[in-house]
Each structure stands twice: as structure tokens, then as C-alpha cells.
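Q: I'd like to ask some things about the structure below.
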Amino acid sequence: MSASPVFKTDLLGAIPSLRAFAVSLSQNSDKADDLVQETLVKAWDKHASFQPGTNLKAWLFTILRNEFYSQMRKRGREVQDSDGIMTARLAVHPSQHGMLDLKDFRGALEQLPEDQREAIILIGASGFSYEEAAEICNCAVGTIKSRVSRARNRLQEILKISGEAEFGPDAISSQVMGSNAA
Amino acid sequence: MDKIKSGTISPRRNGSADPLGANSEIGRKLKQYYDELVSDEVPDRFAQLLSQLEIADPARKKDRS
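Next comes the structure, spelled out in C-alpha cells:
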């Protein structure tokens, strides 16, 4: 069966999301584009196994994610090593007035383990449900939930936005909860 | 749900089941980070790649459509 022009158009439309996910995973834009390219080739080859009407984006994300982890295994965690170097360069400090800078946030995100980073990206940014994210990551919904929660806590720790009651969500919740009113 | 130690980590807990919602700073930054990536200009190589795949698709040569 031939891949239809519709399929091609749909793939084209998914590229921006795929690239964003690939950068989030690999933290490297060159590797990310290689991942996207590999994903498109694989998706084209496997297009017959895609069921029209189901979530194409989730299907593509699954392919991309599998590709990412298999490349990482082949490279012997070289990805992780380069992450370490990047992380050392990007020490994170809370900015003045607590306004979190996007650069700081990127640095913090980079320090997360891959499984937590992908979980929080899928749920918090890519717009997938916990069920869809679990399917993409081939794990239980509860696992995704705990990864997201650990990722969030870790980000808050790194960015030191926890315990500061003067601004941000903490200020709101401490007012509402009537606690932590330092 | 995980236990949140008060005073250490206190994300928005007031009635919202969504810890990454619009009122959470982490949630907002996450979306900002990602939206920036999504809006990044897509290099031509991807469209070219898909066109090549389309041309090379063996099933297409069988003149069905």
C-alpha cells in the first residue's frame, strides 16, 4: 500500500512538534534534527502500521523516542556525558525578583534525568494525556505521574522557587492555605 | 499523589489537580520553552526528504491511486 499524500502532509505538519520533542530529549539541536530525519524515514516505512484516525503525533513521538534511546545505547551514553559538560557551564541562579529566566529554565531542564524530562515535556508542554504519555514511553500511567512529579520537584529545587514565599505560585498558595506566611 | 513537605516544596495545591497548570511557574516556563522550540523555523531538508521518500516509494510505481 502506498503512503498517501495525506500522510505526507500530516508528517510535514508534525515536524515542528517532533523537532521540539527531539531537542527536549537530546538537548542538542543537531542530534535532534538527525532524530527527526530518522523518525520520518521510519514512519514512512511503517506507515502501513499506522491506524488512520488514531493519534499520529503520539505514534511519531513513540518512534522518535525509541530512536533516541537506541541511538543513546549505541553511543554508550555519550549524550549523557555531553549533558554533564553543558550542565557545568550553566549554573543556575535565581534571577532577581524571582522572574525565572528562560535560560535558567533550560539549564535546569537539562539537569533532569531523561525519563523525568521526557515525562514533564509530554505532559506539561506537548499536550499529551497521562495515558498517551504512558503509551509513548511504554510504561504505566502511574510511572508517568511519579516521573512528572519528581521532575517538577527537582526543577523547583534547582531553580530555588520553592520555599520563597514572596512571589509566584508559592505566594498564591500560601495565601490560600494560610500557611508558610513568612 | 506525592506528599509535599510544607515549607520545602509548595506548588499550587489549592483545588487544582494539575500541578503544571497555567498558575504554576514551572508549567508556564515549560510551555514557553517548548513553544519557542515548536516555532523554530523548519529546515528545508525535511520537506525534501519526504518528497524523496514519496518518489522512492515502491508501491507508488505500481500505478494505483
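So the sequences go chain by chain: A and B. Sequential numbering of the first sequence, starting at 0, is according to numbering that gives the first Met the number 0. Sequential numbering of the second sequence, starting at 0, is according to numbering that gives the first Met the number 0. Cβ coordinates follow ideal geometry from the N, Cα and C atoms, glycine included.
Please decide whether Glu40(B) counts as near chain A, where near means a Cβ-Cβ distance under 7 Å.
A: no
Q: Alpha carbon to alpha carbon, how far is Asp33(A) from Ser25(A)?
A: Whole-angstrom Cα-Cα distance: 10 Å.
Q: Assuming the contact rule is C-beta atoms closer than 8 Å, Leu59(A) and Ala13(A) should be a hit. Round their C-beta distance to whole Å, please.
A: 5 Å
Q: Using a Cβ cut-off of 7 Å, pull out every chain A residue sitting near Ile25(B), in sequence order please.
A: Arg151, Leu154, Gln155
Q: Measure from the C-beta of Phe49(A) to each C-beta in chain B and report whether the shortest distance is under 7 Å.
A: no
Q: Applying the criterion that 16 or more other CB atoms from any shown protein chain within 10 Å of the CB defines a buried residue, is Val5(A) buried or exposed?
A: exposed
Q: In whole angstroms, what separates the C-alpha of Tyr33(B) from that of Ser23(A)?
A: Tyr33(B) and Ser23(A): Cα-Cα distance of roughly 8 Å.
Q: Indicate the three-state DSSP secondary structure (helix, strand or coil) for Asp32(A) in the structure shown.
A: If DSSP states are grouped into helix, strand and coil, Asp32(A) belongs with the helices.
Q: Give every residue of the same chain whose Cβ lies closer than 8 Å to the Cβ of Glu130(A), excluding the five residues on either side of it in the sequence, and list them in chain order.
A: Val140
Q: Measure the C-alpha to C-alpha separation of Thr38(A) and Thr61(A) and round it to an integer number of angstroms.
A: 9 Å
Q: Going by beta carbon distance, what residues of the same chain come within less than 7 Å of Ser121(A), once the five residues before and after it are set aside?
A: The displayed chain sequence assigns Leu, not Ser, to residue 121(A). Excluding positions up to five away in sequence, the list reads Phe127, Ala132, Ile135.
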